[in-house]
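> Numbers given in this note's numbering equal positions in the sequence shown, counted from 1, plus 163.
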Amino acid sequence: MVQRCLASADSPVHVRGGSELAFDIDSNGFVFKISHRDIMINLFLGSALEGSPANIYLRLLGEEGCAVPLLGPRSPSSFSLEGGFSVSGRVYGIEYFIRLVLPSHANAWFWKVILKNIASSPLTLELVYTQDLGLAHYGAIRTNEFYTSHYIDHTPLYHERKGVVVASRQNLPMDGRHPWAMLGSLRKAAGYATDALQIYGLDGRKGLFAPILKEDLPSLRLQQEHSLVAIQDSPVTIEKGKEEEAGFFGLFLPDHPDASCIDDLRHVGECVEALDKSREFDSEGFEWRNPSPSLFSHAPGLEALDLAAEDISILFPGERLEEERKDGRLLSFFTHEGRHVVLREKELSVLRPHAHILRTGGLMVPDEQALTSTAWMSGVFNSMTTQGHVA
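#1: Check Q386 in the structure and name its three-state DSSP category.
#2: Whose C-beta lies closer than 8 Å to the C-beta of R384 among residues of the same chain, with five residues either side of it excluded?
#3: What first and last residue would you give for the beta strand (DSSP E) that runs through H199?
#4: What alpha helix (DSSP H) runs, 4 residues minimum, are completely inside the region 288-369?
#5: For E531, I'd like the list of residues in its chain whose CB is within less than 6 Å of its CB, leaving aside the five on either flank, ordered along the chain.
#6: What do you get for V513, buried or exposed, if any count of 16 or more other CB atoms within 10 angstroms of its CB means buried?
#7: Where does M345 land, buried or exposed, given buried means 16+ other C-beta within 10 angstroms?
#8: Less than 9 Å between the C-beta atoms of L414 and N545, yes or no?
#9: Under the three-state reduction of DSSP, which class applies to G481: helix, strand or coil?
#10: So, helix, strand or coil for D379, using DSSP?
#11: So E407 and L278 are supposed to be a Cβ contact under 8 Å. How far apart are they, rounded?
#12: Once DSSP output is grouped into helix, strand and coil, what is the label at V528?
#13: Per the DSSP calculation, M203 is bridged to which residue(s)?
#14: Would F248 pass as a contact of A217 if the rule is Cβ separation under 9 Å?
#15: Any Cβ of chain D within less than 9 Å of the Cβ of E482?
#16: Figure out for me which residue from H268, Q294, C229 has the closest Cα to the Cα of I204.
#17: With F411 and C434 assumed to form a contact (beta carbons below 8 Å), what rounded beta-carbon distance in angstroms separates them?
#18: Classify C168 as buried or exposed, calling it buried when 16 or more other Cβ atoms lie within 10 Å of its own Cβ.
#19: So what's E408 in DSSP terms, helix, strand or just coil?
#20: Evaluate L212 with the Cβ neighbour count: other Cβ atoms within 10 Å of its Cβ, from every protein chain shown; 16 or more gives buried, anything less gives exposed.
#21: Opposite F248 in the DSSP bridges: which residues?
#22: Among L493, E486, I477, E466, whose alpha-carbon lies nearest the alpha-carbon of M540?
#23: CA-CA distance, M164 and G209?
#24: Quick check: W272 and F195, are their CB atoms within less than 9 Å of each other?
#25: In the structure shown, what three-state DSSP assignment does E258 receive?
#26: Applying the 10 Å Cβ sphere with the 16-neighbour rule, what's the burial state of T311?
#27: Can you say whether H461 is buried or exposed, counting buried as having 16 or more other CB atoms within 10 angstroms of its CB?
#28: How would you write the range of the beta strand (DSSP E) that V435 sits in, first residue to last?
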């Protein structure tokens, strides 16, 4: 059984099964939040302007071009909130239908996908599921998503029938509990990733929509500051006019006292059993709507150019101190006025982007009365406003 509660036309729709696991679906057709009691399962709240990191991508093999997202304002999909959350659309000669299934007797979720080849020849494709994970109290996550990511352990495990699954555990106790999740494929997964850096790389700083998933996932564990699990399904070839079923599963445990290990593979069978007990659904008569695109979801970014040597001399006359160079190219330097100048090439090569923290007052120590605002070099201004010391 699926329940839903719609507060207003623009509020997220609360979708849940019989368990205490709930999805908040934004009115623009993407996952806004996943929660269980006091624990927020995802890491970033979605934005109506550009969607969320949680998505399902379709990649047509043998063709140039990046994978296409199937959820949210950047997708070619329509969606319905009738009795839950469903998505449908066409891309690359594939007609697809996606349904979020929440069983009534387990803290699990399933993305069931039906793929139909409407092209004139066989097509080979694969799906990739991306899900950001916070596994912590809402306040802890919203205070600092990057800090939260430091405490999440991602452990890849291999299941004989379902391929690789990723178990993720919050190592920082939440009221004495260690929230835990497992993600995998309903078919057989062929690859995985554990950090958003492995998906987006650093090219996103060059422009708003850098191509992603042009290659297979690295299948290497990376645990840095953007906790995100990606599951790459095995390729499937669909003959003309034929259908194939695919999809992904997620399981949540409120407390997993011990570190993830091979014994946790038993939960895969529990997940599949929960799906088998879920009722079938029929999309007949659904009311479909299209996401509302915005400049943040479709307009290309304004790519900056490197400054020529003469431009740098005009903008910053005088002696340059502590010059940093790579392969003879200037990356950064200081001026006699104490200014630190960072050039485009350095910004595109470091893991942590450069920013200014603008601060009121003149005290040299943290002050609760101070107001701060962060402005990033890549063009985002006023991205975080805080009162007091910003950590």
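Think of the CB as a built atom: it goes at the ideal place given N, C-alpha and C, for glycine as much as any other residue.
From a predicted model like this one, the values you see are computed outputs, not experimental measurements.
Quick answer:
#1: Under the three-state reduction of DSSP, Q386 is assigned to coil, being neither helix nor strand.
#2: H317, T318, P319, T357.
#3: In the DSSP assignment, H199 falls within the beta strand (DSSP E) that extends over 194-199.
#4: Within the region 288-369, the complete alpha helix (DSSP H) runs of at least 4 residues are 301-306, 308-313, 360-363.
#5: Excluding the 5 residues flanking it on each side, E531 has same chain C-beta neighbours closer than 6 Å at G551, in chain order.
#6: With fewer than 16 Cβ atoms within 10 Å of its Cβ, V513 is classed as exposed.
#7: Classified as buried, M345 has 16 or more neighbouring CB atoms from the shown chains inside 10 Å of its CB.
#8: No, the Cβ-Cβ distance between L414 and N545 is not below 9 Å.
#9: Correct three-state label for G481: coil.
#10: Coil.
#11: Right, their Cβ atoms sit about 5 Å apart.
#12: Coil.
#13: BP columns for M203 point to S198, A299.
#14: No, they are not a contact pair.
#15: In the displayed structure, chain D is absent; only one protein chain is listed.
#16: The shortest Cα separation from I204 among H268, Q294, C229 belongs to Q294.
#17: Not quite, the Cβ-Cβ distance comes to about 10 Å (not below 8 Å), so this is no contact.
#18: The predicted position of C168 is uncertain, since its pLDDT is 42 and thus under 50; a value taken from the coordinates is nonetheless stated next. Exposed, because fewer than 16 other Cβ atoms sit within 10 Å of the Cβ of C168.
#19: Residue state, collapsed to three classes: strand.
#20: By the 10 Å Cβ count, L212 comes out exposed.
#21: Residue pairing for F248: DSSP places it in a beta bridge opposite L263.
#22: Comparing Cα-Cα distances from M540 to each of L493, E486, I477, E466, the minimum goes to E466.
#23: Low local confidence applies: a pLDDT of 40 at M164 is under 50, so the model's placement there is unreliable, with the coordinate-based value given in what follows. Annotation: M164 to G209 spans about 26 Å, alpha carbon to alpha carbon.
#24: No.
#25: Three-state result, E258: strand.
#26: A residue is called buried once 16 or more other Cβ atoms fall within 10 Å of its Cβ, and T311 is buried on that count.
#27: By the Cβ-count criterion, H461 is exposed, with fewer than 16 other Cβ atoms from all chains shown falling within 10 Å of its own Cβ.
#28: No beta strand (DSSP E) contains V435, which is instead part of the alpha helix (DSSP H) from 429-439.
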